[in-house]
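In the numbering used here, the protein residues as written are 14 to 65. All residues carry an ideal CB built from backbone N, CA and C; glycine is no exception. Structure first, commentary second.
So this is what it looks like as structure tokens:
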């Protein structure tokens with residue numbers, strides 16, 4: 014899965030095959046935490062990230 018952004022220790026990765034991964038989303042990784050976030054709604058759909 015390609016990395017598309019890195020900032021403040023957070024890594025954002027996203028597949029580029031829309032037919033295989035619906036609804037559109039990206040993966041966020043921070044230390045031992047990971048989450049999946051819906052692109053259209055910006056809602057967390059799986060996992061969790063620590064508070065600020």
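- In chain order, 25 place their CB closer than 6 Å to the CB of residue 18, counting only its own chain and leaving out the 5 sequence neighbours on each side.
- Counted as a single uninterrupted DSSP element, the beta strand (DSSP E) harbouring residue 57 occupies residues 57-61.
- Annotated three-state conformation of residue 35 is coil, per DSSP.
- In this structure, the CA atom of residue 15 is about 9 Å from the CA atom of residue 29.
- When secondary structure is reduced to three states using DSSP, residue 45 falls in the coil class, being assigned neither helix nor strand.
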